[in-house]
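This report concerns only the one structure given below.
Protein chains in written order, with the numbering used here: chain Z, 1 to 415; chain U, 1001 to 1443.
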């Protein structure tokens, strides 16, 4: 039996051992608190926005399931989820839809009216490459050339405060890297290394001096300096938030996994009141080319536990504490099952928006099952940039036509 | 041959890019040689014995047949940690640095993760392919990688069947491994996938097995050609396409000099030579001898990948992996985002700005303090005289004789203030801060 590495164990290797708690010991909080107060007036009614990216291509058809469709059952054969197992959502006009049985927590949130199911989301001329399609989603540009990310362009347009966007994990998703500005990232601080030299104030002072770029410094070297400089700006406050807040409890008997830990961190930071409008978490891999049934069920169960645990910290909409999680992936998977009991790269898929201020219901439109593209993929009905326009206008307070999206996209009315 | 000395800064550059950096003592010695001698020496190390690295003992790695014994317990996490330490150990002690560097770059080119493969022994076997075949003909390498058990699992060739082929390997073979996006169509992916059906992992032997009963031997239309192509034919076609020449060159140049796309004019300078024989050693030779390799754009063109920074720091500090228990270095690298044998996806890791986030900066702080905490710094502790001289000694130790005033004054101010408060020479903290300097992060 090939071994599957335990996700918790792997996480310890990947996210563990962050140093933020070490930092709190050697830098004062006062300057950071004043920065937080300065930003408080800009806290929008909705939000913060929490981007949850599922890398690899999540199978939309087995997330929101057209369980009464005979065509669906023919396509999916043994991968089709039987109607008596799905968690019914109702009829969106195309037929009865239901959540995958792993999504019990989200189903409860749906019944509370806190989940928007946005169907048929993608872009024209689908690209079946992970990299190209991720690039399109990250840049909100259809040419698939690596370029500034859409949230990076929002950062470019809104100042220099390093708190505006925080990503969990050491490397930044390209969506959060602009031409001039980029998000900050935080790592898990729960395993602080007590031997850090940072306990000494002399060290932190010298480190700040070291990590300040100077005029004429080569660009990459200056970028290295700035990453350390921004760490000193955000590290203390993020660490303080993480050391004071209790992570929300995940529902008993479930394993929220890596994504759960990431969302725990975000919940703590939001509860603490950081002046942050955008958080980003991400998870791999939904690339279920083979033996999909169990893998997908387990990953959705972890996602469900993670999101449900997160939402338990925000039962009601409140200023600055009405997070909107938008869960998306670079593409859906082929309607037809392949011979490896999996599915391949495809196009239109489902986006979920969850939060106390979300207007639950069906949005977008389920694609036709009889009119497919030449490679037998679903044809999208809803441009993904409309989701972004909703976020930009209704959470981040940007105007309808801004430098962020190239052109005007009609928001979707889920907020 | 007349030996002409080489500027030490250029030697240091060559050894950072073609290896994991040289110590100041090594640099003294190497700088007496000519550029040609230096490059030829590095290239010679790509084949033949590599006694220093080969002396690092390979940990026990359970093979698939071994695990078939009833009741056998496979501790995958432990074996994975041991394997990471083994490879890092090789990189640190090697006297044939380009061989380990090329092995690392090929891991970046064919990113494969143990999180799906599951078997440390298979990750080792793939690593061995990179190390032994990487410097030769690129098609030969790709033919071996395509049938490698880790790859068969990683990209699902093993579970693809002729009645509904799995597209994963065929797509990534073209997109990531050999040609780059835009040089094939979705139809080529579908047709290529048919050719790899019947390629399986034999669970008894643990090796490649061709199941002719599950192979689609029909006619395929692939990249403008028509035939009853087998998987080997597909690999032959894609590695010999002009697009593949440009792709392979651009990838290597990106990791050795500065990031370029396949359409960058510099790529064209290598196409003619590489197209003749797809020989990677000859390509590396041409790259190291190209004037642009020592241009300002190249000298300032890369930051170290975390693995490169860790190994380089261990080398200059005179450390091996020995003081670190398995899992320690792995955890430090994990906090920055680059653990060997566990790339985030088939897309692999990025470069330069990809490694410059506040989260990575936090990880680097922990890495630097952990290394300085175990290094033998008695030479610094015993240093006497003016603080400025001591700072110079510290910066020289880690191979940074010429740093900005900003960096020198930051290290000096730490030395002065700690000395005032404790009366001691704070070697460990000085070394930590020097390792964190933006200059040290540059490759």
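No residue lacks a Cβ here, since even glycine has one placed at the ideal position from N, Cα and C. These numbers were taken from a predicted model, which means no experiment stands behind them.
Between the alpha carbons of residue i and residue j, how many angstroms are there, rounded?
i                      : j                      : result
residue 23 (chain Z)   : residue 213 (chain Z)  : For residue 23 (chain Z), the predicted model reports a pLDDT of 27, less than 50, meaning its position is unreliable; a value from the coordinates is still stated below. Cα to Cα, the separation comes out at about 21 Å.
residue 1140 (chain U) : residue 1061 (chain U) : 26 Å
residue 1284 (chain U) : residue 1268 (chain U) : 15 Å
residue 84 (chain Z)   : residue 74 (chain Z)   : 17 Å
residue 1374 (chain U) : residue 1088 (chain U) : 17 Å
residue 1316 (chain U) : residue 1028 (chain U) : 14 Å
residue 1036 (chain U) : residue 1045 (chain U) : 14 Å
residue 1039 (chain U) : residue 1281 (chain U) : 11 Å
residue 326 (chain Z)  : residue 1015 (chain U) : 46 Å
residue 1250 (chain U) : residue 1175 (chain U) : 14 Å
residue 82 (chain Z)   : residue 367 (chain Z)  : 21 Å
residue 38 (chain Z)   : residue 163 (chain Z)  : Low per-residue confidence applies at residue 38 (chain Z): pLDDT is 41, beneath 50, and the placement is therefore not dependable, though the value from the model is reported in the following sentence. Whole-angstrom Cα-Cα distance: 12 Å.
residue 1090 (chain U) : residue 226 (chain Z)  : 33 Å
residue 127 (chain Z)  : residue 1199 (chain U) : 27 Å
residue 122 (chain Z)  : residue 55 (chain Z)   : 15 Å
residue 1348 (chain U) : residue 1133 (chain U) : 21 Å
residue 194 (chain Z)  : residue 1369 (chain U) : With a pLDDT of 30 at residue 194 (chain Z), under the threshold of 50, the predicted position of this residue should be treated as unreliable, though the coordinate-derived value follows. Those two C-alpha atoms are separated by around 11 Å.
residue 390 (chain Z)  : residue 400 (chain Z)  : 9 Å
residue 160 (chain Z)  : residue 1358 (chain U) : 15 Å
residue 1431 (chain U) : residue 1094 (chain U) : 24 Å
residue 1287 (chain U) : residue 1293 (chain U) : 7 Å
residue 1406 (chain U) : residue 1412 (chain U) : 10 Å
List the DSSP bridge partners of residue i.
i                      : result
residue 426 (chain Z)  : The question about residue 426 (chain Z) has no answer here: the residues shown for chain Z are numbered 1 through 415.
residue 327 (chain Z)  : Z:52, Z:352
residue 87 (chain Z)   : Z:99
residue 361 (chain Z)  : Z:116
residue 1043 (chain U) : Beta-bridge pairing links residue 1043 (chain U) to no other residue.
residue 412 (chain Z)  : In the DSSP output, where bridge partners are listed per residue, residue 412 (chain Z) has none listed.
residue 1487 (chain U) : Any question about residue 1487 (chain U) goes unanswered here, given that chain U covers just 1001 to 1443.
residue 382 (chain Z)  : Z:121
Would you please verify whether the beta carbon of residue i is less than 8 Å from any beta carbon of chain U?
i                     : result
residue 375 (chain Z) : yes
residue 234 (chain Z) : yes
residue 172 (chain Z) : yes
residue 228 (chain Z) : yes
residue 338 (chain Z) : yes
residue 275 (chain Z) : no
residue 114 (chain Z) : no
residue 78 (chain Z)  : no
residue 193 (chain Z) : Low local confidence applies: a pLDDT of 37 at residue 193 (chain Z) is under 50, so the model's placement there is unreliable, and no value is given.
residue 143 (chain Z) : no
residue 43 (chain Z)  : Confidence at residue 43 (chain Z) is low in this model, with a pLDDT of 47, below 50, so the placement of that residue is unreliable and no value is reported for it.
When the cut-off is 8 Å and only beta carbons count, does residue i lie next to chain Z?
i                      : result
residue 1175 (chain U) : yes
residue 1161 (chain U) : yes
residue 1168 (chain U) : yes
residue 1194 (chain U) : no
residue 1398 (chain U) : no
residue 1148 (chain U) : no
residue 1178 (chain U) : no
residue 1435 (chain U) : no
If I follow the unbroken beta strand (DSSP E) through residue i, where does it start and stop?
i                      : result
residue 1200 (chain U) : 1199-1201
residue 1227 (chain U) : 1225-1227
residue 1220 (chain U) : 1220-1222
residue 131 (chain Z)  : Unbroken run through residue 131 (chain Z) is the alpha helix (DSSP H), 130-139; no beta strand (DSSP E).
residue 1210 (chain U) : 1208-1210
With respect to the alpha helix (DSSP H) encompassing residue i, which residues constitute its N-terminal and C-terminal limits?
i                      : result
residue 1250 (chain U) : 1242-1256
residue 1101 (chain U) : 1097-1109
residue 1121 (chain U) : 1120-1133
residue 208 (chain Z)  : 201-210
residue 186 (chain Z)  : That residue, residue 186 (chain Z), is in no alpha helix (DSSP H); its beta strand (DSSP E) goes 184-186.
residue 310 (chain Z)  : 292-311
residue 1288 (chain U) : 1280-1288
Could you check whether the Cβ of residue i sits closer than 8 Å to any Cβ belonging to chain A?
i                      : result
residue 1085 (chain U) : Checking the listed chains, one finds no chain A in this structure; the protein chains it contains are Z and U.
Problem - Stretch pair the segment 1244-1257 of chain U + the segment 1217-1232 of chain U: three plus CB contacts closer than 8 Å - result: Too few Cβ pairs lie closer than 8 Å, so no.
Practice task
Could you tell me whether the segment 57-75 of chain Z touches the segment 94-105 of chain Z, where touching means 3 or more Cβ pairs closer than 8 Å?
Solution key: Touching, per the Cβ criterion.
Practice task
Kindly confirm or deny that the segment 1055-1069 of chain U and the segment 1112-1132 of chain U touch, where touching means at least three C-beta pairs closer than 8 Å.
Solution key: yes
Handout entry: Inter-stretch contact at 8 Å, needing at least 3 Cβ pairs: the segment 95-114 of chain Z / the segment 375-384 of chain Z
Key = no
Problem - Segment contact, 8 Å Cβ cut-off, at least three pairs: the segment 338-345 of chain Z with the segment 304-312 of chain Z - result: no
Handout entry: the segment 168-175 of chain Z in contact with the segment 124-143 of chain Z per 3-pair CB rule at 8 Å
Key = With the cut-off at 8 Å, the segment 168-175 of chain Z and the segment 124-143 of chain Z touch.
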